[in-house]
Amino acid sequence: MSPNRRERIRALAALGRDALRRFSTLHEVATLLGEVILAFARLLRGKARYDAADTWAVVQASGAGALGVVTLVSLLIGAILAFVGAVQLLKFGAGQFVADLVSISTVREMAAVITAVVLSGRTGAAFAARIATMQGNEEIDALKTLGVSPVEFLVLPRVLALTLMMPLLYAYSCAVGLIGGWAVSVGMLDLSSTLYWTRSADALEGTHFLLGGSKSVCFGFLVAFAGCFHGLRAGRNAAAVGEATTSAVVSGIVGVIVIDAVFALCAYALDV
Amino acid sequence: MNSQAAAVEVKGLRMAYDKKLIQEDVDFSVAKGSVFIIMGGSGCGKSTLLKHMIGLLAPAAGQVLYGDTDYWAAEIAEQDAIRRRFGVLFQGAALFSTMTLAENVMLPMRLNGPRGQRRGEQRERAEHLLELVGLAPAADLLPNEISGGMKKRAGLARALALQPEYLFLDEPSAGLDPISSRRLDELILDLRERTGAAVLVVSHELPSLFAIGDDGIFLDAVSKRPIARGAPKQLLESCDHPFVQAFLRREAPPEATSE
Numbered sequence: 015m016s017p018n019r020r021e022r023i024r025a026l027a028a029l030g031r032d033a034l035r036r037f038s039t040l041h042e043v044a045t046l047l048g049e050v051i052l053a054f055a056r057l058l059r060g061k062a063r064y065d066a067a068d069t070w071a072v073v074q075a076s077g078a079g080a081l082g083v084v085t086l087v088s089l090l091i092g093a094i095l096a097f098v099g100a101v102q103l104l105k106f107g108a109g110q111f112v113a114d115l116v117s118i119s120t121v122r123e124m125a126a127v128i129t130a131v132v133l134s135g136r137t138g139a140a141f142a143a144r145i146a147t148m149q150g151n152e153e154i155d156a157l158k159t160l161g162v163s164p165v166e167f168l169v170l171p172r173v174l175a176l177t178l179m180m181p182l183l184y185a186y187s188c189a190v191g192l193i194g195g196w197a198v199s200v201g202m203l204d205l206s207s208t209l210y211w212t213r214s215a216d217a218l219e220g221t222h223f224l225l226g227g228s229k230s231v232c233f234g235f236l237v238a239f240a241g242c243f244h245g246l247r248a249g250r251n252a253a254a255v256g257e258a259t260t261s262a263v264v265s266g267i268v269g270v271i272v273i274d275a276v277f278a279l280c281a282y283a284l285d286v
Numbered sequence: 424m425n426s427q428a429a430a431v432e433v434k435g436l437r438m439a440y441d442k443k444l445i446q447e448d449v450d451f452s453v454a455k456g457s458v459f460i461i462m463g464g465s466g467c468g469k470s471t472l473l474k475h476m477i478g479l480l481a482p483a484a485g486q487v488l489y490g491d492t493d494y495w496a497a498e499i500a501e502q503d504a505i506r507r508r509f510g511v512l513f514q515g516a517a518l519f520s521t522m523t524l525a526e527n528v529m530l531p532m533r534l535n536g537p538r539g540q541r542r543g544e545q546r547e548r549a550e551h552l553l554e555l556v557g558l559a560p561a562a563d564l565l566p567n568e569i570s571g572g573m574k575k576r577a578g579l580a581r582a583l584a585l586q587p588e589y590l591f592l593d594e595p596s597a598g599l600d601p602i603s604s605r606r607l608d609e610l611i612l613d614l615r616e617r618t619g620a621a622v623l624v625v626s627h628e629l630p631s632l633f634a635i636g637d638d639g640i641f642l643d644a645v646s647k648r649p650i651a652r653g654a655p656k657q658l659l660e661s662c663d664h665p666f667v668q669a670f671l672r673r674e675a676p677p678e679a680t681s682e
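As they're listed, the protein sequences go chains E and Z.
So the number in my numbering is just where the residue sits in the first sequence, counting from 1, plus 14.
So the number in my numbering is just where the residue sits in the second sequence, counting from 1, plus 423.
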């Protein structure tokens with residue numbers, strides 16, 4: 015066999031192996047998703063077994079625990095949007111439309127996306143690290159020998175907590191983002207406070223909140239699911255926790271952007 | 424082989440990860456009220472065998488029988504029922520790091536204990552078990568606040584929470600100082616007397632093997648099959664396999680059979 019031909023076969027084999035690996039990952043994702051749905055059904059029937067104290071701790075960490083960082087990031091995003099918008103809009107003598115720009119982009123896009131990205135780095139990573147550490151310490155094995163599904167005991171509480179907390183954080187982020195925009199508009203662009211809030215109220219529609227809120231629910235589920243998924247499939251060595259955490263953050267953020275793009279396409283198609 | 428009735432029986436077990444064979448033709452039975460040791464050098468598949476027995480990993484072939492029920496051929500509900508009769512001490516103790524020792528011991532009672540058992544009763548039993556392993560004063564400490572030996576003993580207390588019929592111990596003495604190791608051995612023998620449980624121990628700690636083993640099996644990493652059966656003391660006296668002798672006498676292994 016000629017070297018060129020051998021090279022081509024090797025490249026083809028590598029491509030095949032990569033495709034099979036990706037297909038196998040997809041299969042694992044589908045399996046975990048199915049298990050989460052079944053665990054949720056058991057929860058609704060009152061048959062799920064989980065640790066209430068741990069669940070409450072997760073709710074607190076994912077919700078109230080994230081307020082500080084969400085406040086800072088949302089405030090700055092609102093302010094940045096106002097600045098960037100003002101620079102362009104003032105050229106056309108349309109500075110008062112900064113309020114429209116800040117309010118619509120915050121409520122419709124940025125609040126949900128930025129909150130999800132922040133929580134992917136904070137909470138999603140924490141979920142992955144915690145579960146991967148449990149995997150390495152044989153705690154997951156211990157749960158299995160007690161006849162308890164790790165999905166029911168560890169994954170479901172985390173997925174539910176973040177799916178429920180994300181819309182609340184989204185609403186909070188919207189409010190803080192608008193305040194950030196207001197501070198720049200009033201403090202630096204000489205826009206009156208009343209004009210800013212009036213224009214914002216006029217610009218915003220219920221569909222903007224509906225769109226942003228729906229996204230935040232999907233993002234919450236995705237970030238928690240990615241964290242738990244990578245934690246559960248982690249190896250049992252010291253490096254595995256770091257690898258699981260990195261993978262959880264990367265897939266969480268990429269997933270958020272992809273879902274946001276899908277929402278944008280759907281909104282465009284539906285003329286929302 | 425102990426003459427009492429078999430509590431657990433392994434028949435024709437073949438252990439493999441994908442296409443890589445670990446062990447085959449593994450056959451043995453463990454009598455009620457006896458301590459059975461799974462011996463062998465590092466990497467021969469001792470912990471994998473334990474995983475097949477406690478339902479964590481399906482074997483490539485063969486049966487693991489609890490009574491008349493083959494665990495791996497049983498329905499999920501049956502498997503759950505069998506698992507509730509297990510007590511397992513993992514190699515690293517596997518204590519839940521966010522729970523105190525008492526909460527760790529109470530967890531099996533909360534999940535699988537008798538219906539209607541009040542939290543106070545669970546706490547009382549947990550304290551009793553921790554006292555049994557000499558950890559009563561540490562009941563409210565977290566796992567990261569105690570030593571490795573204490574973790575092992577707390578793991579043992581958790582394994583005993585539901586009065587198991589089958590007690591599986593993975594390297595119980597590994598990493599312990601000789602005094603703690605001796606104490607743990609005495610505790611295992613005491614528990615066997617008191618509960619009548621079938622105790623399966625994975626270990627290569629020689630003093631422990633000789634102190635507690637009533638019966639056992641020796642797995643070989645080279646031939647990938649068991650090479651000896653019997654109590655460790657008995658194997659030391661009568662087994663003529665050079666690797667078993669080298670292992671039990673802590674001598675340099677003969678080249679042909681060593682890893």
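Note that CB positions come from ideal geometry on N, CA and C, so glycine has one too.
Expressed to the nearest angstrom, what Euclidean distance is found between the alpha-carbon atoms of A562/Z and F167/E? 23 Å
Go ahead and pull the three-state DSSP assignment for F513/Z. coil
If you follow the alpha helix (DSSP H) that D32/E is part of, which residue opens it and which one closes it? P17 to L58
Restricting to runs no shorter than 3 residues, where is the beta strand (DSSP E) found entirely within the stretch 601-672 of chain Z? 621-625, 638-643 and 648-652
Is there at least one Cβ from chain E nearer than 8 Å to R508/Z's Cβ? no
Measuring only between beta-carbons, confirm whether T159/E sits less than 8 Å from chain Z. yes
Please tell me whether M424/Z has its Cβ less than 8 Å away from any Cβ of chain E. Below a pLDDT of 50, predicted positions are generally treated as unreliable, and M424/Z, at 41, falls in that range; the measurement from the model is reported next regardless. Answer no: the Cβ-Cβ gap between M424/Z and chain E never drops below 8 Å.
Of the listed residues A67/E, V268/E and M148/E, nearest to G245/E (C-alpha basis): M148/E
Whole angstroms is fine: what's the gap from M438/Z's alpha carbon to V270/E's? 42 Å
For a contact defined as C-beta to C-beta under 7 Å, what are the partners of Q545/Z on chain E? Under the 7 Å cutoff, chain E gives no residues; its nearest Cβ is about 14 Å from Q545/Z.
Length of the line joining the Cα atoms of M424/Z and G639/Z: Because M424/Z carries a pLDDT of 41, less than 50, the predicted location of this residue cannot be relied on, and the following value inherits that uncertainty. Rounded to the nearest angstrom, the two C-alpha atoms are 8 Å apart.
Quick one: grab the DSSP three-state call for A429/Z. strand
List the residues of chain Z that D114/E touches, going by C-beta distances under 9 Å, in chain order. Ordered by position in chain Z, no residue passes the 9 Å Cβ test against D114/E, which lies about 47 Å from the chain.
Residues within the stretch 462-492 of chain Z neighbouring chain E, beta-carbon criterion of under 9 Å: K474, I477, G478 and L479
Same chain, Cβ closer than 6 Å to A634/Z, five either side skipped, listed in chain order: D608
Between the CA atoms of A252/E and H627/Z - distance to the nearest angstrom: 24 Å
For the stretch 138-157 of chain E, which residues have a beta carbon sitting closer than 7 Å to at least one beta carbon of chain Z? N151, E152, E153, D155 and A156
Counting only C-beta atoms, is L699/Z closer than 8 Å to chain E at any point? There is simply no residue 699/Z to check, as chain Z begins at 424 and stops at 682 in what is shown.
T69/E vs A175/E beta-carbon contact at 8 Å: yes
Could you confirm whether any beta carbon from chain E is found closer than 8 Å to the beta carbon of G515/Z? yes
Straight-line CA distance for T221/E to M180/E? 18 Å
Would you decide whether A28/E is buried or exposed? Buried here means 16 or more other CB atoms lie within 10 Å of its CB. exposed
Out of curiosity, what's the CA-to-CA distance linking G468/Z and P601/Z? 25 Å
Assigned exposure category for F670/Z - 16 Cβ within 10 Å defines buried: buried
According to DSSP, which residues form a beta bridge with K443/Z? Y440/Z
Short Cβ contact (8 Å threshold) for V453/Z with L623/Z: yes
For E544/Z, tell me which candidate among E554/Z, L553/Z and M532/Z has the shortest Cα-Cα distance. M532/Z
Closer than 8 Å, Cβ to Cβ, to anything on chain Z: give me those residues from the stretch 53-64 of chain E, in chain order. R63
DSSP on S207/E, reduced to helix/strand/coil? helix
Against V50/E, what residues of chain Z qualify as contacts under a CB-to-CB distance less than 7 Å, listed in chain order? Ordered by position in chain Z, no residue passes the 7 Å Cβ test against V50/E, which lies about 18 Å from the chain.
Could you tell me the alpha carbon to alpha carbon distance between Q486/Z and D441/Z, rounded to whole angstroms? 18 Å
Determine the direct distance from the alpha carbon of I477/Z to that of A497/Z, and round the result to whole angstroms. 13 Å
How is the beta strand (DSSP E) around M462/Z delimited, first residue to last? V458 to G463
Start-end ranges of the beta strand (DSSP E) lying completely within the stretch 182-267 of chain E, minimum 3 residues: none
Following the continuous beta strand (DSSP E) through V487/Z, name the residue where it begins and the one where it ends. A484 to Y489
Starting from the C-beta of V127/E, find all residues in its chain whose C-beta is less than 6 Å away, skip the five residues before and the five after it, and write them out in chain order. D274
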